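Comments concern the structure below.
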Amino acid sequence: METLAPLEQEVAQLIIETLHLDGMQVSEISPTAPLFGDGLGLDSIDALELSLAVTQTYGVTISSQDPNVRSIFASLRDLCAHIAANRTH
Amino acid sequence: MSLQWTAQHERGSRASLRLIRWIGLRLGRPVARAFLYPITLYFLIKARPQRIASRLYLNRALGRAASLFDVARHIHCFAATILDRLFLLSGREDLLDIRLHNPECVLERIDAGQGFLLLGSHLGSFEVVRALAIGRRNLPLKVLMVPEHNQVITEILHALNPQAAATIIPLGTPESLLQVKESLDLGCMVALLGDRARTNEGTLTYHFMGRPARLPIGPMTLAAATRAPVVLFFGLYRGGNRYDVIFEPLTEVIAPNRGQRAQAVERWTQRYAERLEHHARQAPYNWFNFYDFWDET
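Sequence order for the protein chains is A and B.
Going by full-length UniProt numbering, 76 is the number at position 76 of the first sequence; the sequence numbering is gapless.
Going by full-length UniProt numbering, 140 is the number at position 140 of the second sequence; the sequence numbering is gapless.
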């Protein structure tokens, strides 16, 4: 398993806490695996809650109208790249 | 099993639907309604699984053994509301006698700019509610739905009214519910139907008409996650040209903290099941779930 960058560790922790993935460790989340469907198995309610948590924590809004919205949620690494590029706090 | 509706093909080919559309719009509603009798007879003979499902349901809803005539009446009611979708989507709701019950609970929230979920079911006509919202009043409405269901009917009817098509938020993508949240934040009402579970969707088992049935917990989970109030609606067809559209406030914000959510979702889904049963008993032939809802066979 690849090691996580600091922001990736932080966001992985946020995912676990927000979605109550009880018993899961940060180290168990692969940075490149899909967050939805086959990978972590998140669903659209999870996507909503994760995006609300990301907005609250980093000031980054994820809009459904963003043409890249699917790739933002593609993996932990993609999500972190979006946060890093747009964060206000 | 109760998930078989997803695989069930819409009966009635594109050509026959086009024909009935032409008849309805050119020759008028009374002429088109005369065709409902042979159409009912056709489905009564040809659609065996639906006929069996109808009878199982009617036995419970009517509290007696349903006759073949009851089943015919059930199919006729369904066909009549499908036909009326034509008129509703082409802006001819003046042909219908639509009576609203408690619309204030919807209009007050809209005036206040407060988004909410408008939760319905396959009991009665959804189109009558949509037509009122976008046609006559231009109310801010979005409709969250599975895109592939009813494809032939949807395609033909939406060609009549692109504005109705534009209100749809398709379910099943990561961004679907983001769009719901954004719409709620803008003060829209977001309509969805809460009685059919999709494959791999979380459900809970409730007593429904005296027997365990599975209902999806998605709608109430969405209400909890978005902190949106929930208003129930039922667009009941009463025969002739009469519809009763009933609105009922269900709940304000569900479970403000996540720890209590599962319990709250369970409780409010139970309440939804109770209201659905209540109205289904009042308007038994409006039940448009023609599959084995209780997993009895």
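For each residue, glycine too, the CB sits at the ideal point set by N, CA and C.
No experiment lies behind these values; they were computed from the predicted model shown.
Contacts between residue 20(A) and chain B, judged by CB atoms closer than 8 Å, involve 258 in chain order. Residue 96(B) sits in coil when the DSSP states are folded into three classes, being neither helix nor strand. A residue is called buried once 16 or more other Cβ atoms fall within 10 Å of its Cβ, and residue 191(B) is buried on that count. For residue 55(A), the CB contacts under 8 Å within the same chain, skipping 5 residues up- and downstream, are 61, 62 in chain order.
For residue 15(A), the enclosing alpha helix (DSSP H) has its first and last residue at 6 to 18. Secondary structure of residue 168(B) (DSSP, three-state): strand. According to the DSSP secondary-structure assignment, residue 235(B) is paired through a beta bridge with 124(B), 245(B). Pairing residue 58(B) with residue 66(B) gives a Cβ-Cβ distance under 7 Å. Taking C-beta atoms under 8 Å as the contact rule, residue 195(B) and residue 276(B) qualify, at a distance of about 6 Å. Residues of chain A whose Cβ lies closer than 8 Å to the Cβ of residue 203(B) do not exist; the shortest such Cβ separation is about 14 Å.
Listed along the chain, the chain B residues whose CB falls inside 7 Å of the CB of residue 26(A) amount to none; the nearest CB is some 20 Å away. Cβ-Cβ separation between residue 285(B) and residue 53(B): approximately 14 Å, too far for a contact (criterion under 8 Å). Counting only Cβ-Cβ distances below 7 Å, residue 179(B) has contacts in chain A at 64, in chain order.
By the rule that beta-carbons nearer than 7 Å mark a contact, residue 127(B) does not touch chain A.
Counted as a single uninterrupted DSSP element, the alpha helix (DSSP H) harbouring residue 220(B) occupies residues 218 to 226. Taking 7 Å as the cut-off, the beta carbon of residue 44(B) is found closer than this to the beta carbon of residue 75(B).
Excluding residues up to 5 positions away in sequence, 116, 252 lie with their Cβ nearer than 6 Å to the Cβ of residue 229(B) in the same chain.
Take residue 58(A), set aside five residues on each side of it, and the residues of its chain with a beta-carbon closer than 6 Å to its own are 83, 87, in chain order.
Less than 7 Å divides the Cβ of residue 235(B) from the Cβ of residue 245(B).
Put simply, of 71(B), 293(B), 227(B) the residue whose alpha carbon is nearest the alpha carbon of residue 255(B) is 227(B). The three-state secondary structure of residue 75(A), taken from DSSP, is strand. Three or more beta-carbon pairs separated by less than 8 Å are not found between the stretch 123 to 133 of chain B and the stretch 64 to 83 of chain A, which leaves the two stretches without contact. The CB of residue 182(B) comes closer than 9 Å to the CB of 63, 64, 65 in chain A, given here in chain order.
In summary, the residues of the stretch 140 to 174 of chain B whose CB is separated from some CB of chain A by less than 8 Å are 171, 172, 173, 174, in the order they occur in the chain. Taking 7 Å as the cut-off, the beta carbon of residue 217(B) is found closer than this to the beta carbon of residue 269(B).
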